[in-house]
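If you read the sequences in order, they're chains A and C.
For the first sequence, the numbering used here gives the first residue as 1, with consecutive numbering after it.
For the second sequence, the numbering used here gives the first residue as 1001, with consecutive numbering after it.
Number of protein chains: 2
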Amino acid sequence: MQARPTYIINGDLSQTITPLDRGLVYGDGVFRTMQTRGGMPLNWPLHYQKLVADCAAIGLVCPSAELLMHDFLQLLLEPDLNSNQLAVAKVIITRGEGERGYKTPAVTCPNRILIVSSMPFYAEVNYATGVDLHLCELRLSVQEKLAGIKHLNRLENVMARMEWRDDGVFDGLLLDQQDNVIECTMANVFARFGNQLLTPDLSRCGVSGITRERIVSLAAVLNLSVQVCQLPLKRFMQADEIILCNSLFGAFQVRTIKSSRWSQQALAKNFRDLLAHD
Amino acid sequence: MQARPTYIINGDLSQTITPLDRGLVYGDGVFRTMQTRGGMPLNWPLHYQKLVADCAAIGLVCPSAELLMHDFLQLLLEPDLNSNQLAVAKVIITRGEGERGYKTPAVTCPNRILIVSSMPFYAEVNYATGVDLHLCELRLSVQEKLAGIKHLNRLENVMARMEWRDDGVFDGLLLDQQDNVIECTMANVFARFGNQLLTPDLSRCGVSGITRERIVSLAAVLNLSVQVCQLPLKRFMQADEIILCNSLFGAFQVRTIKSSRWSQQALAKNFRDLLAHD
């Protein structure tokens, strides 16, 4: 049982969300999930840059980095949070309250929410030999106007996550309707073929994470060239090595997808080390 | 300026929503919008039936009709709401709070929210000669597992609604990615060709409303046969008459879409009358 997460809304620990918030009624907002150490977010510049870009993509002006940083500092004053431990922070920006109907308010007052939770537990075996994936039956829909954005419309991920209850399954692999690999429900994916590292094109669906970006930038250190491309499942399954990545665990190797199995290799570990020291 | 809507959460006027509600973080929930008179919902059995079906489609057990009716009665005790006037009620059911992550809670405690707002104002000209539509550039995405459901992932509608600011435009016509007409941002559509009434198939995208269902049932009274089918824009634009429908205004004729214009006819008025006395 995890400790109940702590949150702060618009810099005020006593503020609440009303059911008139467009984040609730329409999923009209964006978010980021990141690690914190000692209450401060790791890789903040990249997260903030992506938050600003995602806000802009749905026509929102992101609150300033100073305001958001102030929220982190406020939460640090709470008992139990002022430690050097790792934790998870989620920053949510919604379009705030509006009148009834889809029309966006003439003057928008975004709501900003910071939620801090304890780090999830990752089994030692995930670091050592990798993770097992479920191949999701649900196929991601194509919406170019929202692709890549980490917005609050995540019902597809919820529905996909309902496909398995086995705790041994780490995540689910999501395809588009043409059998191309896109991502996992909570991670981006890379497939290595020799010294080529391929990662799915996310211009039609999927969420583009900052750890994916960082891996793209770091690949040259491992003498890998990176290609963002369409990646049919059939080709993906022939990869020499597959890894998942996100801001919480860094990188994990994929050990099995259905009956296919990959033996233990070094790529995920190498990227974890690079990400930790970047 | 509309009066601020009143709401009640889980039957408690003082309860609030926390940022841990899955309705906010994932859009993990469903809703209905309906008219009320004297505080009581109109066409409640159909709305409740659809709410139950939509909940089931995302793996939720809908709260009982008795509980929801109790919420309406509670709000009636509020000053200003106890009148015989028409108002708008929105019922939202979310999957409630959960731990971090997409995995649904082992034990789900849905949150139910009832929001009552004043009726929107519809211009006399809309009743008399019809409404003008914008043809949306945004194309609806295809997700068969969510099609037809009135869920809280409505960012496509928000983005589509951002395409126009002209108050003379009543709604936007939404197509899928193959140029088939699906719906408007806040209404379903019908196209009449002679004595045939066509309405788009919503099994791949779109929201199926109860007024659409009611019109399908009532069409025989007007000697119309109804067909649910794929409806390419090109064909749609050749209709003798086009109407929009939803639970708030009943039915309105479409007067213009881009440079195409339809002269005033009787279909929308006939359905409004039938819907009012059904």
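Using N, Cα and C, we set each Cβ at its ideal position, and we do this for glycine too.
These numbers were taken from a predicted model, which means no experiment stands behind them.
Fewer than three pairs of CB atoms, one per stretch, sit closer than 8 Å, so the stretch 1122 to 1129 of chain C makes no contact with the stretch 124 to 131 of chain A. Residue environment analysis places A/Asp-166 among the exposed positions, since fewer than 16 neighbouring C-beta atoms fall within 10 angstroms of its C-beta.
In this chain, the beta strand (DSSP E) harbouring C/Thr-1256 covers 1250 to 1257. Taking C-beta atoms as the reference points, C/Leu-1114 and C/Asp-1054 fail to come closer than 8 Å. Between C/Leu-1275 and C/Thr-1211, the C-beta gap is smaller than 8 Å, which places the two residues in contact. A/Glu-183 is outside the set of residues whose beta carbon lies under 8 Å from a beta carbon in chain C. With at least 16 other beta carbons inside 10 angstroms of its own, A/Asn-111 counts as buried. Annotation: the stretch 1152 to 1211 of chain C contains the following complete segments of the beta strand (DSSP E) (minimum length 3 residues), in chain order: 1171 to 1176, 1181 to 1184, 1188 to 1193 and 1196 to 1200. For the stretch 143 to 160 of chain A, the set of residues with a beta-carbon nearer than 8 Å to any beta-carbon of chain C comprises Gln-143, Lys-145, Leu-146, His-151, Leu-152, Asn-153, Arg-154, Leu-155, Glu-156, Asn-157, Val-158, Met-159 and Ala-160, in chain order. Within chain A, the residues placing a beta-carbon under 7 Å from that of C/Lys-1103 are Arg-161, ordered along the chain. Per DSSP, A/Phe-121 lies in no beta strand (DSSP E) and is assigned neither H nor E.
Judged by DSSP in its simplified three-state form, C/Gln-1035 adopts strand. Of all alpha-carbon atoms in C/Leu-1013, C/Met-1040, C/Trp-1044 and C/Leu-1068, the one lying nearest the alpha-carbon of C/Asn-1084 is that of C/Met-1040. Shortest Cα-Cα distance from A/Val-254 to any of A/Leu-46, A/Gly-27, A/Ile-242 and A/Glu-66 involves A/Ile-242. For the options A/Asn-223, A/Phe-170, A/Val-228 and A/Thr-256, the alpha carbon positioned closest to that of A/Asn-270 is the one of A/Asn-223. By a beta-carbon distance limit of 8 Å, C/Leu-1202 does not contact C/Gly-1029. Their separation comes to about 20 Å. A/Val-181 is positioned such that its CB atom lies closer than 8 Å to that of A/Leu-233.
Contact annotation: A/Leu-24 and C/Gly-1023 have beta-carbon atoms nearer than 8 Å. Rounded to the nearest angstrom, the Cβ distance from A/Leu-244 to A/Val-131 is 7 Å, consistent with a contact under 8 Å.
The C-alpha of A/Val-216 lies about 6 Å from the C-alpha of A/Val-226. Against chain A, the CB of C/Thr-1018 has a partner CB under 8 Å away; the residue lies at that interface. About 5 Å separates the Cβ atoms of A/Ala-89 and A/Met-34, confirming a contact at the 8 Å cut-off.
Relative to the Cα of C/Asn-1157, the nearest Cα in the group A/Leu-146, A/Val-158, A/Ala-160 and A/Asn-157 belongs to A/Leu-146.
Counting every other CB atom within 10 Å of its CB across the protein chains shown gives A/Asp-21 a total of 16 or more, marking it as buried. Counting only runs of 4+ residues, the alpha helix (DSSP H) found wholly inside the stretch 39 to 66 of chain A occupies 44 to 57, in chain order. DSSP lists no beta-bridge partner residue for C/Ile-1215.
Under the three-state reduction of DSSP, A/Val-107 is assigned to coil, being neither helix nor strand.
Excluding five sequence positions before and after C/Leu-1086, the CB atoms of its chain that fall closer than 8 Å to its own CB belong to Gln-1035, Thr-1036, Arg-1037 and Met-1119, given in chain order. Annotation: A/Tyr-7 is outside any alpha helix (DSSP H); the continuous beta strand (DSSP E) that includes it extends over 6 to 9. In this structure, A/Cys-62 and A/Ile-93 form a Cβ contact; the two beta carbons are roughly 6 Å apart against a cut-off of 8 Å.
Annotation: Cβ neighbours of A/Gln-177 in chain C (cutoff 8 Å, chain order): Val-1142. Here the C-alpha atom of A/His-47 lies approximately 7 Å from the C-alpha atom of A/Arg-32.
Under the Cβ distance rule, C/Asp-1028 counts among the residues neighbouring chain A, one pair being separated by less than 8 Å. Contact of C/Tyr-1122 with chain A is not assigned, every C-beta pair being separated by 8 Å or more. DSSP places C/Arg-1095 in the coil class of the three-state scheme, outside both helix and strand. When the alpha-carbon of A/Tyr-7 is set against those of C/Arg-1004, C/Leu-1013, C/Arg-1204 and C/Ile-1017, the nearest one is in C/Ile-1017.
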